[in-house]
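Residues 1 to 72, numbered by full-length UniProt numbering, are exactly what the sequence shown covers, in order. No residue lacks a Cβ here, since even glycine has one placed at the ideal position from N, Cα and C. These figures come from a predicted structure and were not determined experimentally. Okay, so here's the structure we're looking at.
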Amino acid sequence: MSYGRTPFKGRNRKETFRNMLSRSPEFAGNRCALTDLIECLLAKDPARRLGSAAMMWLSGHELSEKTCVSRS
């Protein structure tokens, strides 16, 4: 987790699962290469989700040079 909680956090397990199925992930704090990657991996539409072409995308993305993971 790049910012300390899951992107679909609900008040309980049922709400968390509902959020996973119906909502886009919510990211706290500043956007960075890591949040871009997570958003692409969690896309609801399979056609937009990172798949076998991920290596091509990653090779040209700043994530391959630096990552914005906070250790707090």
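Problem - Exposed unless 16 or more other CB atoms sit within 10 angstroms - verdict on threonine 35 - result: With 16 or more Cβ atoms within 10 Å of its Cβ, threonine 35 is classed as buried.
Exercise for the section: For proline 7, count neighbouring C-beta atoms within 10 Å of its own C-beta (all shown protein chains included) and say buried if the count is 16 or more, exposed if not. Expected result: Under this definition proline 7 is a buried residue.
Practice task
For glycine 10, collect the residues of the same chain with a Cβ closer than 6 Å to its Cβ; drop the 5 residues on either side in sequence, then sort them by chain order.
Solution key: Only residues of its own chain outside the window of five on either side were considered, and among them Thr16, Asn19 have a CB closer than 6 Å to the CB of glycine 10, listed in chain order.
Exercise for the section: Put lysine 14 into one of helix, strand or coil per three-state DSSP. Expected result: When secondary structure is reduced to three states using DSSP, lysine 14 falls in the helix class.
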